[in-house]
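The sequence shown runs 223 to 483 under this note's numbering. All remarks here apply to the structure that follows.
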Amino acid sequence: MKPSETDRIKTSILIGSRDASNMKRYFQKDGTVVKWWNPEGMKPHKNPLFPLLPFYRKEKKDVLEICASTDGPILEVGCGDGRISSLLAKYRDDPLVGVDISREMLRKYVEREGISGLQLIHCDAENLPFKDDSFNGMICIQTLVHLPNAEVVIDESSRILRDGGKLILDINTPNSPRVLRLLSLVRSLSDRLESVLKLIRLQLPFTTLRNKLGPAILRNTRFVTLILERYGFNVRLYATYGGSTAGFALFVATNKKHSPL
Ligand SMILES: C[S@@+](CC[C@H](N)C(=O)[O-])C[C@H]1O[C@@H](n2cnc3c(N)ncnc32)[C@H](O)[C@@H]1O
């Protein structure tokens, strides 16, 4: 059987872990993500993500701009400690909800920002406690990278978004399919060599990252576009950030669930 385009470009790389099944457990635990995710507040020498800082800032500005033209209720999935939705809460009158799987991040959100103007809920992005057609916008920034099942989250977003609602979603990607394939090869080789390398006390970049950051998945831009389309979204690749070795891509996908066949 000929592989479909989605099969051919499916390349995704898991970093920071050997096994995607422990991703949720990692983020549910205290003392994990809270230690390394504060890209704009951490001192440069303590911040493993410091080189990406200008891109995080630019992306945040873009997301706020997109939200400014979105009326109605907005949900932020993986809101963390409020880097993005706390800014929205300051000027929006429409309902704003933030959800996250980490109770510790939600506590930090409340301590730092308070909760005036928004509602915070502890839950899993793959199982959102909202009725169909509840929101006009869903933000999912620097979060799909930590979710093992992109399709499940995209399916959920299509369910809770109204017709015409916007999904503002990013993926972490080298922005070059070739580099992604190469990294994938290095990843599988490093897994095979890991026990030997341990003996000679050598650490490959993936192992080093594992000790600093949590589990993360790099994905292919075209692959995610096709998945979004499969779930009925009109997809716009809004911007890419970073270079061809490390970066991310921002999509604005419009929900077309009720479009005529
Ligand atoms: C890198 S932080 C990004 C936070 C925020 N979106 C921002 O841009 O500042 C990723 C967030 O996703 C959350 N997260 C990870 N897995 C999740 C899941 N299955 N459901 C909901 N949130 C999750 C983490 O707890 C963390 O707060």
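We put the beta carbon where it would ideally sit given N, CA and C, even for glycine.
Residues bridged to T462 [DSSP beta-bridge criterion] | Residue 462 sits at position 240 when you count from the first residue of the sequence shown. T462 is bridged to A471.
Would you call the region 267-274 and the region 321-334 in contact, with 3 or more CB pairs under 8 angstroms?
-> Short answer: they don't touch.
If you compare alpha carbons, which of R414, I439, L383 is closest to V367?
-> Working through the sequence shown from its first residue, we reach residue 367 at position 145. It is I439.
M360 versus N456: straight-line alpha-carbon distance, rounded = Against the sequence shown, residue 360 aligns to sequence position 138. Against the sequence shown, residue 456 aligns to sequence position 234. Distance from the CA of M360 to the CA of N456, rounded to the nearest whole angstrom, comes to 15 angstroms.
CA nearest to the CA of I337, picked from V321, W258, A347 | Translated into the one-based positions of the sequence shown, residue 337 becomes position 115. Ranking the options by Cα distance to I337, first place goes to V321.
Three-state secondary structure (DSSP) at T476?
-> Within the sequence shown, numbered from 1, the residue matching residue 476 stands at position 254. If DSSP states are grouped into helix, strand and coil, T476 belongs with the strands.
Roughly how many angstroms separate the alpha carbons of N349 and K312, rounded to a whole number?
-> What you label residue 349 is simply residue 127 of the sequence shown in a count that begins at 1. What you label residue 312 is simply residue 90 of the sequence shown in a count that begins at 1. Near 28 angstroms, if we compare the C-alpha coordinates of K312 and N349.
CA-to-CA distance, R458 to L483, given in whole angstroms | Mapped onto the sequence shown, residue 483 falls at position 261. Mapped onto the sequence shown, residue 458 falls at position 236. Per-residue confidence for L483 stands at a pLDDT of 49, beneath the threshold of 50, marking its modelled position as unreliable; the derived number appears in the next sentence. Looking at the backbone, the Cα of L483 and that of R458 are separated by about 21 angstroms.
Could you tell me which uninterrupted beta strand (DSSP E) segments, each at least 3 residues in length, are contained entirely in the region 268-348, listed from first to last along the chain?
-> At a cut-off of 3 residues, the continuous stretches assigned as beta strand (DSSP E) that sit fully inside the region 268-348 are 296-299, 318-322, 341-344.
Measure the alpha-carbon distance for R325 versus W259 and round it to whole angstroms.
-> Position 103 of the sequence shown, counting from 1, holds the residue named residue 325. Position 37 of the sequence shown, counting from 1, holds the residue named residue 259. Take the alpha-carbon of R325 and the one of W259: they are about 14 angstroms apart.
Inter-residue Cα distance where the pair is R297 and Y453 = The sequence position of residue 297 within the sequence shown is 75, counting from 1. The sequence position of residue 453 within the sequence shown is 231, counting from 1. For the record, residue 297 in the displayed sequence is Leu; it is not Arg. Taking the straight line from one Cα to the other gives about 19 angstroms.
According to DSSP, residues forming a beta bridge with N497 | The first residue shown for the chain is 223 and the last is 483, placing residue 497 beyond what the model contains.
State yes or no: is the C-beta of D316 within less than 8 angstroms of the C-beta of D346?
-> For this step, residue 316 is matched to residue 94 along the sequence shown. For this step, residue 346 is matched to residue 124 along the sequence shown. Contact: no.
Starting from K257, trace the beta strand (DSSP E) both ways and give me its first and last residue.
-> The residue you call residue 257 lines up with position 35 of the sequence shown. Run containing K257: none in the beta strand (DSSP E); it sits in the alpha helix (DSSP H), 255-258.
What's the call for S291, buried or exposed, on a 16-neighbour Cβ count within 10 Å?
-> Counting from one through the sequence shown, the residue named residue 291 turns up at place 69. Here S291 is exposed: its Cβ has fewer than 16 other Cβ atoms, across all protein chains shown, within 10 Å.
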